[in-house]
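Presented below is the structure to which this report refers.
In our numbering, the protein residues as written are 17 to 96.
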């Protein structure tokens, strides 16, 4: 992976993208476990996990395109 952005504030998008990818993998694993259980108690957690995955994948895709402004990228770090 190439370094996507390093600003004067030290924000390293390569490191951020790697951490985001790791979190996506963890959420994906959690979702698989929840879907196997698939009880009425897990329905809300499944929905929440899917939403989190969708959000993080969107941020990762956005980071890889190299578009956006620094403040928005800092906001994206709130996902971690």
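We put the beta carbon where it would ideally sit given N, CA and C, even for glycine. Remember, it's a predicted structure, so these values are computed and weren't measured experimentally.
Please classify residue 72: is it buried, with 16 or more other beta-carbons within 10 angstroms of its beta-carbon, or exposed? buried
Just checking residue 40 against the ligand PLP - is the residue's beta carbon closer than 7 Å to any of the ligand's heavy atoms? As presented, the structure is devoid of all ligands, the ligand PLP included, so that no description of it is given.
Ignore the nearest five residues each way along the sequence and tell me which others in residue 67's own chain have a CB closer than 7 Å to its CB. none
Might you give, ordered along the chain, the residues of its own chain that have their beta carbon closer than 8 Å to the beta carbon of residue 43, omitting 5 neighbours on each side? 65, 68, 69, 72
What first and last residue would you give for the alpha helix (DSSP H) that runs through residue 74? 59–81
For residue 31, count neighbouring C-beta atoms within 10 Å of its own C-beta (all shown protein chains included) and say buried if the count is 16 or more, exposed if not. exposed
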